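Participant: Residues in the sequence shown are numbered from 2 upward in steps of one, following the numbering used here.
A single structure is presented below for examination.
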Amino acid sequence: MAFQQGLSGLGASSRALDVISSNVANSSTVGFKASSTVFSDTFAAAMGGGVSNLQVGMGGNTLAVRQAFTQGATTATNNPLDMAIGGNGFFQIERNNGSTAYSRNGQFDLDKDGYIVTPLGERLMGYQTVNADGTVAFIGSTTPRPILVPPNGIGAKATGGGDVNGDLAPDGDAVVVRGNLDSASDVIDPVTAPFDQTNPSTYSFTTSAAVYDSLGNQHSVSMFFAKRTAVVGPPAEPNPWDVYVTFDGSALTGTDAPLGTAASRIGFNSSFGGFDSAVSTDNPIRVSVSSTTLGTGSDPLLFDLDLSNFTQRRSASAVFEITQDGSPPGEIASVSVSTDGIVQGRYTNGETRDLGKVILATFRNPNGLASVGDNLWSETIDSGQAALAGPGDGLNGTIGSGRVEESNVDMSAELVNMIIQQRNYQANAQSIKTQDQILQTLINLR
Numbered sequence: 002m003a004f005q006q007g008l009s010g011l012g013a014s015s016r017a018l019d020v021i022s023s024n025v026a027n028s029s030t031v032g033f034k035a036s037s038t039v040f041s042d043t044f045a046a047a048m049g050g051g052v053s054n055l056q057v058g059m060g061g062n063t064l065a066v067r068q069a070f071t072q073g074a075t076t077a078t079n080n081p082l083d084m085a086i087g088g089n090g091f092f093q094i095e096r097n098n099g100s101t102a103y104s105r106n107g108q109f110d111l112d113k114d115g116y117i118v119t120p121l122g123e124r125l126m127g128y129q130t131v132n133a134d135g136t137v138a139f140i141g142s143t144t145p146r147p148i149l150v151p152p153n154g155i156g157a158k159a160t161g162g163g164d165v166n167g168d169l170a171p172d173g174d175a176v177v178v179r180g181n182l183d184s185a186s187d188v189i190d191p192v193t194a195p196f197d198q199t200n201p202s203t204y205s206f207t208t209s210a211a212v213y214d215s216l217g218n219q220h221s222v223s224m225f226f227a228k229r230t231a232v233v234g235p236p237a238e239p240n241p242w243d244v245y246v247t248f249d250g251s252a253l254t255g256t257d258a259p260l261g262t263a264a265s266r267i268g269f270n271s272s273f274g275g276f277d278s279a280v281s282t283d284n285p286i287r288v289s290v291s292s293t294t295l296g297t298g299s300d301p302l303l304f305d306l307d308l309s310n311f312t313q314r315r316s317a318s319a320v321f322e323i324t325q326d327g328s329p330p331g332e333i334a335s336v337s338v339s340t341d342g343i344v345q346g347r348y349t350n351g352e353t354r355d356l357g358k359v360i361l362a363t364f365r366n367p368n369g370l371a372s373v374g375d376n377l378w379s380e381t382i383d384s385g386q387a388a389l390a391g392p393g394d395g396l397n398g399t400i401g402s403g404r405v406e407e408s409n410v411d412m413s414a415e416l417v418n419m420i421i422q423q424r425n426y427q428a429n430a431q432s433i434k435t436q437d438q439i440l441q442t443l444i445n446l447r
């Protein structure tokens, strides 16, 4: 019976060598997971259910080939769309035949239509933003779809998003200026030195901000600050300043500004130089510019100018930051992915938009997945259904943008295992050879 045991051993060692050879061949394959062979012994069933002290095994058998879904090392690449999963999870891929597969290979790029795809052109699945302007609102929380980076650019956005009825967009002031006005500035008498933007002696400090109309044309809003004499009151104005606003170098008059050429008053607290809202009743300053004044064929421009982030301290007058919500048209310049899977597009106009979100799939039994080649696995009854969630959610791993996960094959261990299986194969072959020699001895007994 030693022939049977030896042959079974040869088969088991041969399968183990196949697995080892596959591991070695894929030691440089991105996202590859090494496999190992699980062996079992084989016994003949005993009739009657008794246990014999003379039981002899019938050899060995390959019980299963099990993959090790341990984390592989990650390597930086020059492609921001490459992604490495740090932790649990698989990328969900829509195959070219319409089926769904899963992968740890994060080598991605954009195809001609703007979809994020694998080297085989198969699409990465996730959640797509709803709004054309890229605001974060994801759909398909139960039905993922291929992630698309819109190849078309984004349109212009008018500063303030206001309309002709005087209503502003709900996200607050369109132009916010943060800075400091020097408390040591000289007081300027508006009677003897009336404001004149061409005469620096009639104001203490000036700054400008760029704004955009509905066609994306850039305009300049200038602010001129003039320190005034303290007012005893009531109401008291210990540190008053007048602010004059011009648009593209011209004073806002008539229908373009409710304040006309009059100044807007702001003030500061004497004790710590903070903005005094009780005095600054004109803040924020409403700026309204008609289509005629714009002269570009765009819609009227309406926005608020917020100066509440100014201080008055004993240091040089300066502007630290100006923010505004308008922009000219822009084309897609680059794409990146955040650790939580948000796909972000950066445009030539400086805008950044969230375009989609990568999802990760996890399984109760990853070893139940079926390998289908091309670094892909498919769901089976043994693996259980895929549980979809965003990177970083629950036990899911996070995304490393511009990186890929290397194979987790341990080459040293594989070479050692190869030698072991080679010795096993030789030993099993020797057992067959020995049994053959014994049979030859029996045949020759005459």
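A virtual CB, placed ideally from N, CA and C, is assigned to each residue, including glycine.
Just so you know, these numbers come straight off a predicted model, no measurement behind them.
Please report the Cβ distance between aspartate 243 and proline 191, rounded to the nearest whole angstrom; I am assuming they are in contact, meaning their Cβ atoms lie under 8 Å.
Facilitator: Going by Cβ atoms, the distance from aspartate 243 to proline 191 rounds to 7 Å, so yes, they are a contact pair.
Participant: In this structure, what does DSSP give as the bridge partners for isoleucine 333?
Facilitator: Looking at the DSSP assignment, isoleucine 333 forms a beta bridge with Tyr348.
Participant: If we call anything under 8 Å between Cβ atoms a contact, is serine 408 one with phenylalanine 109?
Facilitator: No, these two residues do not count as a Cβ contact at 8 Å.
Participant: Since aspartate 183 sits in a beta bridge, which residues does DSSP pair it with?
Facilitator: Arg314, per the DSSP bridge assignment.
Participant: So, do the stretch 86 to 103 and the stretch 386 to 403 have three or more beta carbon pairs nearer to each other than 8 Å?
Facilitator: Result yes; three or more Cβ-Cβ pairs closer than 8 Å.
Participant: Of all the alpha helix (DSSP H) runs that stay within the bounds of the stretch 205 to 245, which reach a length of 4 or more residues?
Facilitator: Listed in chain order, nothing qualifies, since the stretch 205 to 245 has no complete alpha helix (DSSP H) run of 4 or more residues.
Participant: Do valine 178 and asparagine 310 count as a contact pair if the criterion is CB distance below 8 Å?
Facilitator: Yes.
Participant: For valine 338 and methionine 126, which I take to be in contact (beta-carbon distance under 8 Å), what is that distance rounded to the nearest angstrom?
Facilitator: Valine 338 to methionine 126, Cβ: 14 Å. No contact.
Participant: Cβ atoms of valine 290 and valine 246: under 8 Å apart, would you say?
Facilitator: Cβ atoms of valine 246 and valine 290: not closer than 8 Å.
Participant: Give me the residue from Gly7, Thr293, Ser265 and Gly298 with the minimum Cα distance to threonine 282.
Facilitator: Taking only the C-alpha atoms, the option nearest threonine 282 is Ser265.
Participant: Measure from the alpha carbon of valine 450 to the alpha carbon of each residue in Gly99, Thr130, Gln129 and Leu149, then state which is nearest.
Facilitator: Missing from the structure shown is residue 450; the chain here goes from 2 to 447 and no further.
Participant: Starting from the C-beta of alanine 297, find all residues in its chain whose C-beta is less than 7 Å away, skip the five residues before and the five after it, and write them out in chain order.
Facilitator: For clarity, residue 297 is threonine in the given sequence; the question names alanine instead. Only Asp214, Leu216 and Asn218 meet the Cβ criterion.
Participant: How about leucine 361 and glutamine 345: do their beta carbons lie closer than 8 Å?
Facilitator: Result no, Cβ atoms of leucine 361 and glutamine 345 do not sit closer than 8 Å.
Participant: Would glycine 167 be called buried (16 or more neighbouring beta carbons within 10 Å of its own) or exposed?
Facilitator: Unreliable placement is indicated for glycine 167, whose pLDDT of 38 sits below 50; the coordinate value is still reported in the next sentence. Under this definition glycine 167 is an exposed residue.
Participant: Do glycine 274 and arginine 314 come within 8 Å of each other at the CB atom, strictly closer than that value?
Facilitator: Yes, Cβ-Cβ distance for arginine 314 and glycine 274 is below 8 Å.
Participant: Return the CA-CA distance between leucine 446 and glycine 10, expressed in angstroms with no decimal places.
Facilitator: Cα to Cα, the separation comes out at about 30 Å.
Participant: Where do the N-terminal and C-terminal ends of the beta strand (DSSP E) with arginine 404 fall, by residue?
Facilitator: 404 to 406 is the span of the beta strand (DSSP E), which, as asked, contains arginine 404.
Participant: Mind checking asparagine 200: buried by the 16 CB within 10 Å criterion, or exposed?
Facilitator: Counting Cβ neighbours within 10 Å, asparagine 200 comes out exposed, since fewer than 16 surround it.
Participant: How would you label aspartate 114, buried or exposed, when you count the other beta carbons within 10 angstroms and need 16 or more for buried?
Facilitator: With fewer than 16 other Cβ atoms within 10 Å, it is exposed.
Participant: How is the alpha helix (DSSP H) around arginine 424 delimited, first residue to last?
Facilitator: Run containing arginine 424: 412 to 444, per the alpha helix (DSSP H) assignment.
Participant: Pull the bridge partners of glutamate 95 from the DSSP assignment, please.
Facilitator: DSSP, once it has assigned bridges, lists Thr101 and Arg124 as partnering glutamate 95.
Participant: By Cβ distance below 7 Å, which residues in the same chain neighbour arginine 365 in space, the five residues on each side in sequence not counted?
Facilitator: Answer for arginine 365: Gly385, listed in chain order.
Participant: If glycine 403 and threonine 78 are in contact, beta carbons under 8 Å, what's the gap, nearest whole angstrom?
Facilitator: At roughly 6 Å, the Cβ-Cβ gap stays under 8 Å, so glycine 403 and threonine 78 are in contact.
Participant: Measuring alpha carbon to alpha carbon, tell me which residue in Ala279, Glu406 and His220 is nearest glycine 234.
Facilitator: Comparing Cα-Cα distances from glycine 234 to each of Ala279, Glu406 and His220, the minimum goes to Ala279.
Participant: I need the DSSP call for threonine 262, collapsed to helix, strand or coil.
Facilitator: Confidence is the limiting factor: at threonine 262 the pLDDT is only 49, short of 50, which leaves the residue's position unreliable, though a coordinate-based value still follows. Threonine 262 falls in the coil class under three-state DSSP.
Participant: Check this for me: beta carbons of threonine 381 and glycine 369, under 8 Å apart or not?
Facilitator: In this structure, glycine 369 lies closer than 8 Å to threonine 381 by Cβ.
Participant: For leucine 389, report the span of its beta strand (DSSP E) as first-last.
Facilitator: Note, leucine 389: beta strand (DSSP E), 388 to 390.
Participant: Rounding to the nearest angstrom, what Cα-Cα distance links alanine 17 and leucine 416 in this structure?
Facilitator: Taking the straight line joining both Cα atoms gives about 12 Å.
Participant: Smallest Cα separation from aspartate 341: which of Ser100, Gly327 and Asp394?
Facilitator: Residue Asp394 is the option with its Cα nearest to aspartate 341.
Participant: Would you mind sorting isoleucine 343 into buried or exposed? The rule is 16 or more other CB atoms within 10 Å of its CB.
Facilitator: Buried, because 16 or more other Cβ atoms sit within 10 Å of the Cβ of isoleucine 343.
Participant: Using only the alpha-carbon positions, how far apart do serine 272 and serine 251 sit?
Facilitator: Near 36 Å, if we compare the C-alpha coordinates of serine 251 and serine 272.
Participant: Between phenylalanine 225 and glutamine 198, is the Cβ-Cβ spacing less than 8 Å?
Facilitator: A contact, by the Cβ cut-off of 8 Å.
Participant: Residue ranges of each beta strand (DSSP E) run of no fewer than 3 residues wholly in the stretch 345 to 385, ordered along the chain?
Facilitator: 353 to 359, 361 to 363, 371 to 374 and 377 to 379, all fully within the stretch 345 to 385.
Participant: Is DSSP giving alanine 194 helix, strand or coil here?
Facilitator: Note: alanine 194 maps to coil in three-state DSSP.
Participant: Would you kindly report the start and end of the unbroken beta strand (DSSP E) that includes threonine 75?
Facilitator: Start and end: 75 to 77.
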